[in-house]
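Protein chains in written order, with our numbering: chain A, 2 to 254; chain B, 421 to 493; chain C, 132 to 488.
Quick reminder that beta carbons are idealized off the backbone N, C-alpha and C, glycines included.
Right, one structure below, let's go through it.
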Amino acid sequence: MDINEIIKPENKVYGKTPILKDNILHYCPGCSHGVVHKIIAEVIEEMGIQDKTIGISPVGCSVFAYNYLDIDWQQAAHGRAPALATATKRLMPDKYVFTYQGDGDLASIGTAEVMHACNRGENIVIIFINNAIYGMTGGQMAPTTLLGQVTATTPYGRKAELNGYPLKITELIAQLEGTCYVTRQSVQNPAAVRKTKKAIRKAFENSMMKKGTSFVEVVSTCNSGWKVTPVQANKWMEENMFPFYPLGDMKDR
Amino acid sequence: MATQGAIVVDKERCKGCGVCVVNCPTEAIALSHEVNGKGYNFLSLVNPEKCIGCANCATVCPDSVITVYRVKI
Amino acid sequence: MAEKILMKGNEAIAYGAIDCGCDGYFGYPITPQSEVMETLMKVQPWETTGMVVLQAESETSSINMVYGGACCGKKVMTSSSSPGISLMCEGLSYIAGAELPCVVVNVMRGGPGLGTIQPSQGDYFQAVKGGGHGDYHPIVLAPASAQDMYDFVGEAFELAFKYRNPAMILGDGVIGQMMEKVEIRPAKPRRTDEEIRALCDSWATIGNKGRHGNTITSLALDPQVQENFNIKLQKKYAEIEANEVRYSTYMTDDAEYLIVAFGCMSRIGEKVVELAREEGIKLGLLRPITLYPFPKKEIDALVPQLKNILSLELNAGQMVEDIRLIVNGRIPVNFYGRQGGMIPDPEEILEVFKKTM
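This is how it looks when you write it as structure tokens:
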């Protein structure tokens, strides 16, 4: 069958959601951020909640998330997104409110804000991108950097004596009474993407059911920071990140 | 039932990361030897007859540059 | 007759907030202003007006809750005291940079550091010059009574929304803790969602119904974009300086000497004026009600008739620098202040003043 016979509107099975703007993403080739942005956009489209969704972007590579999803956005100070989300949801309970935060933003400078928002059981969604490195500032150690992992500030590898241990913040958050759904996912292949999308959709649905905070960690890649190709980065993630940050639901109630 | 697919790639937006290529179950796609305006080796449907329209490539694409079409045959 | 109730200045802030239609208060306890949140929690305005009241985990979080609430076009506020305000300065800078309206109350205590829980006016510079990073100013109102504390909440919100800029009520431990009769005004209802959409839809994050998404950010990586924004911000401040100066005077018509004092010190200053007048000294008082914008023209206009000015402050001498900029060497500008929670009495001040004559 001729390819032009197939490429017709009625045969279209997958394409860019209109929730995504036409702006070209500023992320490096192969960066997980783009996939997670797309998933959130698709969930918003499928749930029909574009005009009811407020996103809160962090400081870090994804500070510019607001350039890509056509919804209302707040850009928070470093680590403070859960505080903004708390007030936004409490003042506008009919809105879907989510934060989008990296490992530096959420697990380092914003530890207090995320812990207490989750502990209060704010009816918000927290999307946590964990790529074990600071991307925007040029590849420095993150709280989630693995032992032995080389970064700009751990040039000989992360050492516990010097830098402490990688922080499993999602496990900590799962302990908090205020959270209803805590899960760790990834986006390196189609099956993983579909699982993450299901998780994010569930998190958005939870936020309207007054069940508490939903927290979705996405173990991600930073091929520029890790200094490997995008395909190698996915492999490195599977081999090194997944054993320490195992995928799956930690809590679902 | 067998399916046949086709993809349309937004060449200028593609960054040639290649994540799609390794996720294609039928080796229908590859990065092109040519480059786009940004200098990236963009994605190309090199073996159109092998494409089954599974949308794996588009699903993992971080830049949403792939549109997928599929027909039953 | 409007109802008059005896209350602390801090309680007046709480009632002022509820009665002016405030949508949300986010705070963290700190002496000497904890009664603000305590009063709100006792009154439970969420049961009546729907106002949200939340105790945050820190001042940092409080101000960022205010930031989030302000993004939604809501009338949101926080209150704290000096060390807490220092923590909030990051958020204040973001709020000013994102051009958002909000109200922040500082019931000042002595510093630096943990300092003392006693009254002070040591945060004058921090308040009027911005406090956080970058070129910005909050609009600063200085209350001198519990009634001012009550009234200024609504006024601060009006100014904050008029200019989309944070407004600060710069009180002190004296005004916060002392009890006075406060005239309670008829409560204004909170704005409805429709009213907020009509007023704020061009910028607020209230859901992009019938339009593309709004983004509230203070980030501009392009230098020209950032400079253009800074120029726009300065134009706004020029407008505020031209239109919003508030002050009061006491016996300045024939004054040969002038005390400038704000907040609790303006009340002590009035007594000093009276004592001086009893001795035939033509002393007057100017009380800046807005510290930013500062009553520059008003002080400048008095200079030709004056022999000197005394700046009276509960700090080591801060406002005096702004007065000296206005006077520009034409007459002496002296300073007297006490610190650490010490409050001067009128006789003490009069003695100091007489030595400057």
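- With a contact defined as Cβ atoms closer than 8 Å, Thr-209(C) and Tyr-156(C) qualify at about 7 Å.
- Short of 6 Å from the beta carbon of Gly-31(A), and not among the five residues preceding or following it, lie these beta carbons of its own chain, in chain order: Asn-224, Pro-231.
- In terms of Cβ geometry, Pro-475(C) and Ile-399(C) form a close pair [threshold 8 Å].
- For Tyr-101(A), the secondary structure class from DSSP, reduced to helix, strand or coil, is strand.
- Closer than 7 Å at the C-beta level to chain A, one finds these residues of the segment 154-181 of chain C: Asp-154, Gly-155, Phe-157.
- At least one beta carbon of chain C lies nearer than 8 Å to the beta carbon of His-117(A).
- Under DSSP, Phe-466(C) takes part in a beta bridge, and its partners are Ser-442(C).
- With respect to the 8 Å criterion, Asn-296(C) and Ile-270(C) are classified as neighbours on the basis of their beta carbons.
- For Ile-55(A), at least one C-beta of chain C is nearer than 8 Å to its own C-beta.
- Per the coordinates, the alpha-carbon of Asp-71(A) lies some 24 Å from the alpha-carbon of Ser-187(A).
- Residue-level contact by beta carbon holds for Lys-435(B) and chain A, with a gap shorter than 8 Å.
- Around the C-beta of Glu-482(C), fewer than 16 other C-beta atoms lie within 10 Å, and the residue is accordingly described as exposed.
- The beta carbon of Pro-191(A) falls within 8 Å of a beta carbon belonging to chain B, placing the residue at that interface.
- Inter-segment contact for the segment 371-388 of chain C and the segment 226-244 of chain C is absent: fewer than three beta-carbon pairs are separated by less than 8 Å.
- Counting only residues of its own chain and dropping the five nearest sequence neighbours on each side, Met-450(C) has a CB closer than 6 Å to the CB of Tyr-255, Ser-442, Glu-444.
- Assignment of Ile-390(C) by DSSP, reduced to helix, strand and coil, places it in the strand class.
- Nearest C-alpha to Asn-132(A) among Gln-189(A), Arg-91(A), Lys-196(A): Gln-189(A).
- Per DSSP, Arg-185(A) lies in no alpha helix (DSSP H); the unbroken beta strand (DSSP E) holding it starts and ends at 180-187.
- Within 9 Å of the CB of Gly-438(B), the CB atoms of chain A belong to Pro-30, Gly-31, Thr-230, Pro-231, Val-232, in sequence order along the chain.
- When C-alpha distances from Asp-384(C) are compared across Lys-402(C), Glu-370(C), Pro-354(C), Ile-430(C), the shortest belongs to Ile-430(C).
- Within the segment 87-121 of chain A, those residues whose Cβ lies closer than 7 Å to any Cβ of chain C are, in chain order, Thr-87, Ala-88, Thr-89, Arg-91, Leu-92, Met-93, Lys-96, Ala-113, Glu-114, His-117.
- Along the segment 146-178 of chain C, the alpha helix (DSSP H) occurs as fully enclosed runs of 4 or more residues at 166-174, listed in sequence order.
- At least one beta carbon of chain C lies nearer than 8 Å to the beta carbon of Ile-72(A).
- The segment 352-370 of chain C and the segment 240-257 of chain C do not touch, with fewer than three beta-carbon pairs separated by less than 8 Å.
- Scanning Thr-162(C), Cys-151(C), Leu-456(C) for the CA closest to the CA of Gly-302(C) turns up Thr-162(C).
- Chain order gives the chain A residues near Asn-339(C) as Gln-51, Asp-52, Asp-71, Ile-72, Asp-73, where near means a beta carbon separation below 8 Å.
- Phe-129(A) sits close to Val-217(A), with the two beta carbons spaced by under 8 Å.
- In the structure shown, the three-state DSSP call for Pro-297(C) is strand.
- The segment 436-469 of chain B is shown to contain whole alpha helix (DSSP H) runs of 4 or more residues at 439-443, in chain order.
- In the structure shown, Ser-58(A) adopts extended strand secondary structure according to DSSP, grouped into three states.
- In this model, Ala-78(A) and Glu-142(C) are separated by some 31 Å (Cα to Cα).
- Residue state for Met-396(C) is assigned as helix, using DSSP reduced to three classes.
- In the pairwise beta carbon analysis, the segment 192-199 of chain C is classified as touching the segment 80-89 of chain A: at least three pairs are separated by under 8 Å.
- For Gly-56(A), the closest C-alpha among the options Ala-113(A), Val-126(A), Trp-227(A) is that of Val-126(A).
- In chain order, Asp-73, Trp-74 make up the part of chain A whose C-beta sits under 8 Å from the C-beta of Asn-345(C).
- The CB of Tyr-67(A) comes closer than 7 Å to the CB of Thr-346, Thr-348 in chain C, given here in chain order.
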